[in-house]
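The sequence shown begins at 1 in the working numbering and counts up by one. The C-beta atom is built at its ideal place from N, Cα and C for all residues, glycine as well. To keep things clear, I will list the structure first and then write my remarks on it.
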Amino acid sequence: MQNRITELFGIRYPIIQAGMVWASGWRLASAVSNAGGLGLLGAGSMYPEVLEAHIIKCKGATERPFGVNVPLLYPDIDRLMQVIVEQGVKIVFTSAGNPVTWTAHLKDRGITVVHVVSSLKFALKAQAAGVDAVVAEGFEAGGHNGREETTSMVLIPTVAEKLNIPLIAAGGIASGRSMLAAMVLGADAVQIGSLFVASEEASSHPAFKQRVVEAGEGDTQLTLKELAPVRLIKNDFYREIQKAYGQGAGVEALRDLLGRARAKRGMFEGDMDQGELEIGQVAALIHEIRPAAEIVARLMEDFQLVKREISTL
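This is the structure in structure tokens:
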């Protein structure tokens with residue numbers, strides 16, 4: 001299957017594995033790339049020397065293209081970018097920040113740049129900054145999200161109508177059926193996070209993976225908009241946040257409650273009660289932990305099957 005995204009990245013399928021913190025290490029990224037998609041390393045949970053080690057291991061595990069996702073709200077961005085350039089990474093996804101800051105720097109070094117947005121306004125700003133493609137991430141998505149609360153069903157066609165460069169849809173996609181729907185709405189490809197969290201190769205804690213497959217409808221909530229909006233599984237930590245809101249907590253009180261390494265504590269170390277458990281609404285449709293290659297293959301099988309079914313209508 002060939003289109004603007006598969007040609008841009010040199011991949012077989014228009015499937016991008018999101019660079020989730022504490023889940024997207026070299027094993028997952030290389031497995032997705034070997035299966036025909038685009039694997040991404042999640043630099044948001046990596047020190048520069050750790051990112052360098054993951055890039056080197058990923059190079060050794062796949063000859064296919066892979067990239068690095070860099071959330072611009074984290075520290076050490078200068079050093080992370082230096083590692084990316086020195087290691088010859090060819091694809092970088094930036095998120096949670098201004099694309100103007102790094103796009104020209106990366107493109108001048110021959111790197112393909114994609115920026116993640118949650119609104120048409122920021123999609124057009126990213127295009128003006130010179131990025132090669134945009135990820136439009138709907139309100140359903142896990143992790144850090146936009147304040148606008150625009151769902152994928154509305155966001156994707158809104159951005160597709162105005163954007164001239166390739167568009168990747170994200171948020172609420174975990175099947176070939178939803179992948180086809182996103183492309184009918186105007187996307188050239190999909191970026192998938194939650195489904196790959198529940199993969200054998202994800203570096204997240206087994207307890208977190210199991211909690212994801214056990215999640216049901218309504219088990220996640222977007223919160224902490226005063227800091228950086230994030231969608232979480234409702235657990236004891238989440239309920240503490242809600243209690244703090246009920247007591248009129250301000251930004252500093254919320255920041256103190258969040259503390260340091262809360263996401264690592266939950267998603268990487270396995271504290272299901274007091275950890276920050278970032279996942280999308282679509283977790284309610286994820287029922288098993290599978291190898292990444294099987295996830296990619298089943299996505300494409302379902303995509304083609306549903307496409308044929310619809311063509312008969």
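For residue i, which option in the options has the closest C-alpha, if you only look at C-alpha atoms?
i                 : options                           : result
valine 184        : Pro99, Ala169, Asp76 and Gln221   : Ala169
leucine 8         : Gly142, Ile111, Leu163 and Ala283 : Ile111
phenylalanine 268 : Ala202, Met1 and Arg64            : Ala202
leucine 224       : Gln242, Glu288, Lys90 and Gly218  : Gln242
valine 92         : Val159, Pro75 and Pro71           : Pro71
alanine 182       : Leu155, Pro206 and Cys58          : Leu155
cysteine 58       : Asp273, Gln127 and Gln87          : Gln87
alanine 215       : Met272, Tyr245 and Leu51          : Met272
Buried or exposed: residue i, going by 16 or more other Cβ atoms within 10 Å of its Cβ?
i              : result
leucine 106    : buried
isoleucine 286 : buried
leucine 299    : buried
aspartate 132  : buried
aspartate 188  : buried
valine 116     : buried
asparagine 145 : buried
asparagine 69  : buried
leucine 305    : exposed
proline 206    : exposed
aspartate 78   : exposed
glutamine 127  : buried
glutamate 252  : exposed
Output needed for residue i: all residues of its chain with C-beta closer than 7 Å, excluding positions within five of it in sequence on either side, in chain order.
i            : result
valine 197   : Met20, Ala23, Ser204, Lys209, Val212 and Ile279
glycine 130  : Thr103, Ala104 and Lys107
asparagine 3 : Pro14 and Asp188
proline 229  : His144, Asn145, Gly146, Arg147 and Leu222
lysine 162   : Leu120 and Leu124
Please return the same chain residues whose Cβ sits closer than 6 Å to the Cβ of residue i, not counting the five positions on each side in sequence.
i                 : result
phenylalanine 303 : Gly176, Met179 and Leu180
serine 33         : Gly39, Thr62, Arg64 and Phe66
isoleucine 5      : Pro14, Pro166, Asp188 and Ala189
glycine 10        : Pro65
glycine 266       : Gly275, Glu276 and Leu277
glycine 270       : His205 and Ala207
Have a look at residue i and residue j and give me their C-alpha separation to the nearest angstrom.
i              : j              : result
proline 291    : glutamate 200  : 5 Å
serine 315     : valine 100     : Outside the shown range of the chain (1 to 313) lies residue 315, about which nothing can therefore be said.
alanine 136    : leucine 38     : 17 Å
glutamine 281  : serine 119     : 19 Å
serine 152     : threonine 94   : 19 Å
proline 166    : isoleucine 16  : 13 Å
valine 314     : leucine 28     : Absent from the model: residue 314. The displayed extent of the chain is 1 to 313, so no value can be given.
aspartate 256  : glutamate 240  : 12 Å
glycine 172    : valine 114     : 20 Å
alanine 43     : threonine 312  : 44 Å
alanine 35     : methionine 1   : 14 Å
alanine 261    : aspartate 76   : 16 Å
glycine 250    : isoleucine 56  : 43 Å
arginine 308   : tyrosine 238   : 43 Å
glutamate 49   : isoleucine 310 : 48 Å
proline 157    : histidine 54   : 36 Å
isoleucine 192 : valine 296     : 10 Å
Starting from the C-beta of residue i, find all residues in its chain whose C-beta is less than 8 Å away, skip the five residues before and the five after it, and write them out in chain order.
i             : result
threonine 220 : Gly142, Arg231, Leu232, Ile233, Lys234, Ile279, Gly280, Gln281 and Ala283
serine 45     : Val21, Trp22, Ala263, Lys264 and Phe268
glycine 97    : Pro71, Leu72 and Leu73
glutamate 288 : Ala198 and Val213
leucine 51    : Leu41, Ala43, Val68, Leu80, Val83 and Ile84
threonine 150 : Ser118, Ser119, Gly138, Phe139 and Thr158
Are the C-beta atoms of residue i and some chain D residue less than 8 Å apart?
i          : result
lysine 107 : You won't find chain D in this structure, because it holds only one protein chain.
Could you give the uninterrupted runs of the beta strand (DSSP E) lying entirely in the stretch 33-116, keeping only those of 3 residues or more? 39-42, 66-71 and 91-95
To test your reading of the DSSP string, which unbroken beta strand (DSSP E) runs of 3 or more residues are found completely within the stretch 4-38? 15-17
Unbroken stretches of the beta strand (DSSP E), 3 residues or longer, contained in the stretch 149-223: 167-170, 189-192 and 220-223
Would you mind listing the alpha helix (DSSP H) stretches within the stretch 223-247 that are 4+ residues and don't spill past its ends, in chain order? 236-246
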